[in-house]
Amino acid sequence: MSKKMKIMILSGLVIFLLPALTFAQGKNPIIIGNPNTFSGVMSMYGEGTAVGLEVAIEEINSRGGVLGRPLKLIKRDDRLNPEVGVREVKDLILNEKADFIIGVLSSGVALAVSEYCKSAKKILIIMAARSTKITEEKGHRYVFRYCSNFSARDSAVLEVASKIWPKNETDKVCQLNLDYEQGKNAYDDTMAKWKKINPDMKLVSALWPPLGTTDWAPYISKLMASEGNLLIHSLYGGAWLAFAKQAIPMGLYKKFHVVASCAADLETTNVLTKDSPVPQGIVTIAEWPYWALKNPEASRLAERFMKKSGKNYASPHAYGGYLAVYSLKEAIEAVKAVDTEKIINYLEGKKIETTMGSMLLRKCDHQLLWPVYAGQLGFMEGITWPVVKEPHRPQNIEATYNSCEEIEKLRKK
Amino acid sequence: MNLQLAFMQLLNGLGSGMIIFLVAVGLSIIFGTLKVLNLAHAAFYMLGAYLCYWVSHTVLSNISGNFWITLLLAPIITAIFGGALERLIIRRIYGLNIMYQFILTFGISLVIADSVKFLWGREVKNMAIPYPFDGSIFVMGANLLKYQLFLYIMGVSIYIGLLLLLHKTKLGKLIRAVTHNQEMASALGINVPSVYTGIFMLGSWLAGIAGIVAAPVTSITLGMDHVVLIQCFVVVVIGGMGSLSGAFLGSIIMGLINSFGIIFLPELALVFAFLLMAIILIIRPFGLMGESEEAKEKF
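Chains H and W supply the protein sequences, listed in that same order.
Heads up: the first sequence runs through residues 603 to 1015, numbered per my numbering.
Heads up: the second sequence runs through residues 23 to 321, numbered per my numbering.
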């Protein structure tokens, strides 16, 4: 065979084999779009949620991906704005060809994005937005939630509050919630639930500071001048931190028993130390109390999340994202395709194994029945920031969520 | 209405008004002289707060009273940064259409916000209320944050200091001359570009101070500049663009409207300020203490 012939045969082989080689190495990735809040006041939550997705994707890809296809994450900043959120999700689905959408921090953004995903027939998995509406009144086939919702959080904190404080010391209720979807939802839910627990309660005052409030003194003065004895609020992040900092010297925590379902987010409390003014004793929640679970997998993941994020705490939202990616992996492998409808059918009613035990992904509302641990805020040995000291796990987790019958009624309204 | 609550809201309103004043006065002075509507002004406020956290938690972490040293040092950094920005970028758009100002200064605010995110991360930062203004004092049967006293002192001192600077010093005369007639001032040998840079530095210094003063009573977060910027614009419109006393009066009105609005109609507390702004714009478009165009021309 002449030299020229050899070159021609080799060239032909390369031309024919190259696409095949390329295809094997870089099979079409399965794309997960992650719209989240990566800028502004709440960006630390967005960062936390993304870490769980990244860790899960790294683990899965290092073991060969899903059905031989790698997972690819595309992050987008929704800037805590429903309009921007929908725009970004549209782009993720239409241009980036995202197969799944996981993320969304704000309830307001989540409701808007959810409507779009419904029309686009794409699975949306919420990891941090907590408004019950997302999976109840406005729930639909394509939306799932892998974190607790307000109903469960409120049930958990109010149950603990009712056990530790006498009824006659918690019958005059003041409410303080941010004036947007999250606050309104928390208000409605806590009022209905506390009325059931303490039928003699009366609402003394309801205050609605706008999102972005930094000056809390006028609100605190108004609360202090009221005859209230129980303060229920859903402040979180920097808002809660600033509120507590001003409320402690003004004596609010001496006058009120305080229930604050969102106060112990590690994204916020990690900046507090034993020397900081901390409202110890308030009843609050630990979404994923990895420090108290005594579960090796929880400890491993917490370490992994901390290493990945470079933080000294592991975000509970990261854990929700981690579980969501693994659920999708399992579903895709079970149905042997990235087929939205088949995956939904597979996931509905599925039991998901977690570091907090087995959780049911309820068929009627696609809500993962996440156990909400509640207790009093305080300091523990070995942890430098305040946490829920003795997290109490509700005995009947499903009972902390609205029932399927209740949800059906809400949807018919 | 409960008299004790009314008194407390008066004190609270004055306190928050002082923080707003410290930010708004810089914006007003810059606009008054340079005729630049600086959308990046509140970003300097945020920068001041982050610098305060950084200096007192790293550079001076082992020194007691580090907040007070920071209060002196950090605004100098924001002032130098502001001066550099004016010299290198802002001065290129003087006299151009206002849209150029909006786009450029908004762009600068985004760059500052992203730089802050890059340097200090996305986490919320926490500053303790410094001694001796930590804790509270008992006034008329209620607790008032001691720190409010510090806010009154700072706000009033800065206001009086600026009045003295503008009306009793040679520098003040130069600033007023440049403000009223730039061409004439230039013809008389005043170095107008240097005065402009100085004014921009002064505005940035004030915004830096405001950020530092606000840091102990609020949480230091990305996006903390957005809310303040809106409040500043309301204050400047109410008080009058470029008016020092207008900014002071407008800030107090803003603080009081908010704190008393919370007593009567908490759901609409924020709306009252915008309502007042709309009314003033209709009745007196140049603000409570501002000068109409005719009055300026007469001068």
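Glycine included, each C-beta is placed from N, C-alpha and C at the ideal position.
Using a CB distance below 8 Å, the part of the region 848-872 of chain H facing chain W consists of 848, 851, 852, 853, 869, 870 and 872, ordered along the chain. For residue 95 of chain W, the closest C-alpha among the options W:78, W:109 and W:106 is that of W:78. DSSP places residue 254 of chain W in the helix class (H, G or I) of the three-state scheme. Residue 788 of chain H places its beta carbon 7 Å or farther from that of residue 974 of chain H.
Residue 706 of chain H and residue 165 of chain W have their C-alpha atoms spaced approximately 40 Å apart. Counting C-beta atoms within 10 angstroms of its own C-beta, residue 253 of chain W has 16 or more neighbours from the protein chains shown and is therefore classed as buried. With at least 16 other beta carbons inside 10 angstroms of its own, residue 917 of chain H counts as buried. Using a 10 angstroms sphere on the CB of residue 192 of chain W, the tally of other CB atoms stays under 16, which defines it as exposed. Excluding residues up to 5 positions away in sequence, 915 lie with their Cβ nearer than 6 Å to the Cβ of residue 868 of chain H in the same chain. Using a CB distance cut-off of 7 Å, residue 642 of chain H counts as an interface residue toward chain W. Rounded to the nearest angstrom, the gap between the Cα atoms of residue 677 of chain H and residue 694 of chain H is 9 Å. Under the Cβ criterion (8 Å, minimum of three pairs), the region 39-47 of chain W does not count as touching the region 186-203 of chain W. Per DSSP, residue 117 of chain W lies in no alpha helix (DSSP H) and is assigned neither H nor E.
Contact check for residue 65 of chain W and residue 134 of chain W: beta-carbon distance about 4 Å, within the 8 Å limit, so the pair qualifies. Under the 7 Å criterion on CB atoms, residue 646 of chain H is classed as interfacial with respect to chain W. Per DSSP, residue 927 of chain H is not a residue of any beta strand (DSSP E); the alpha helix (DSSP H) it occupies stretches across 918-937. Contact between residue 794 of chain H and residue 818 of chain H is ruled out by a C-beta separation of about 26 Å, above the 8 Å threshold. In this structure, residue 1000 of chain H lies near residue 971 of chain H, with their beta-carbon atoms less than 7 Å apart. Scanning H:861, H:892 and H:907 for the CA closest to the CA of residue 900 of chain H turns up H:892. Sequence-distant Cβ neighbours of residue 102 of chain W in its own chain, meaning closer than 8 Å and more than five residues away, are 223.
Rounded to whole angstroms, residue 160 of chain W and residue 30 of chain W show a C-alpha spacing of 11 Å. For residue 835 of chain H, the enclosing beta strand (DSSP E) covers residues 832-835. Counted as a single uninterrupted DSSP element, the alpha helix (DSSP H) harbouring residue 845 of chain H occupies residues 839-849. According to the DSSP assignment, residue 907 of chain H belongs to the alpha helix (DSSP H) that extends over 898-911. With respect to the 7 Å criterion, residue 67 of chain W and residue 149 of chain W are not classified as neighbours on the basis of their beta carbons. The beta carbon of residue 840 of chain H sits closer than 7 Å to some beta carbon of chain W. Counting only the Cα atoms, residue 936 of chain H lies some 8 Å from residue 948 of chain H.
Counting the other CB atoms within 10 Å of its CB gives residue 311 of chain W a total of 16 or more, which places it among the buried residues.
Counting only runs of at least 3 residues, the region 120-154 of chain W fully encloses no beta strand (DSSP E) element at all. Residue 967 of chain H has a beta carbon lying at 7 Å or more from every beta carbon in chain W. Residue-level contact check: residue 819 of chain H touches chain W, since one or more beta carbons of chain W fall below 7 Å from its beta carbon. If you look at residue 961 of chain H, you'll find it in the beta strand (DSSP E) that goes 959-962. Taking C-alpha positions only, residue 280 of chain W is separated from residue 116 of chain W by approximately 36 Å.
Selection H:1012, H:670 and H:780 evaluated against residue 629 of chain H yields H:670 as nearest (Cα-Cα). The secondary-structure analysis by DSSP pairs residue 969 of chain H across a beta bridge with H:747. Collapsing the DSSP output to three states places residue 865 of chain H in coil.
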